Amino acid sequence: MNKKWNKKQAGFVLADALIGLMITAGGICLICVNQQILQKVKQQNYDKYQVSQKVLNESKYQVLKAEREHKILQRVGNSGVSFDIEKIE
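For the sequence shown, UniProt numbering assigns the number 1 to the initial residue and increments by one for each residue that follows.
The following block contains the structure:
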């Protein structure tokens, strides 16, 4: 099957091969861009999670602090002594 191509046919084959190569390279670039976007979204979600955990921990601390103050005030209220809560901490 020794077929001779003229210049026009060879040009079409070469152009077709180059287009295929460009599409493949473009697909790889899109995959890379999608991976970068996915990584940024993951990082943003992780950052939001960290902030949420920090707020949650601060809230837990505030609740425990309020409970402790309440217990102290109950004991002091029963004893009739007054004092400044801030100085105790």
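Yeah, the Cβ is synthetic: ideal placement off N, Cα and C, and Gly gets one too.
Fair warning: this is a prediction, and the values are worked out from it, not measured in the lab.
Which value, in whole angstroms, describes the spacing of the CA atoms of aspartate 16 and threonine 24?
-> Taking the first residue of the sequence shown as position 1, residue 16 is located at position 16. Taking the first residue of the sequence shown as position 1, residue 24 is located at position 24. Taking the straight line joining both Cα atoms gives about 12 Å.
Excluding the 5 residues preceding and the 5 following methionine 1 in the sequence, name in chain order all residues of the same chain whose CB lies nearer than 6 Å to its CB.
-> If you number the sequence shown from 1, residue 1 lands on position 1. Because methionine 1 carries a pLDDT of 45, less than 50, the predicted location of this residue cannot be relied on, and no value is offered for it.
What did DSSP end up calling methionine 1 once you bin it into helix, strand or coil?
-> Taking the sequence shown and counting its residues from 1, the one referred to as residue 1 is at position 1. Model confidence at methionine 1 stands at a pLDDT of 45, short of 50, so the residue's coordinates are unreliable; what they give is reported in the following sentence. Note: methionine 1 maps to coil in three-state DSSP.
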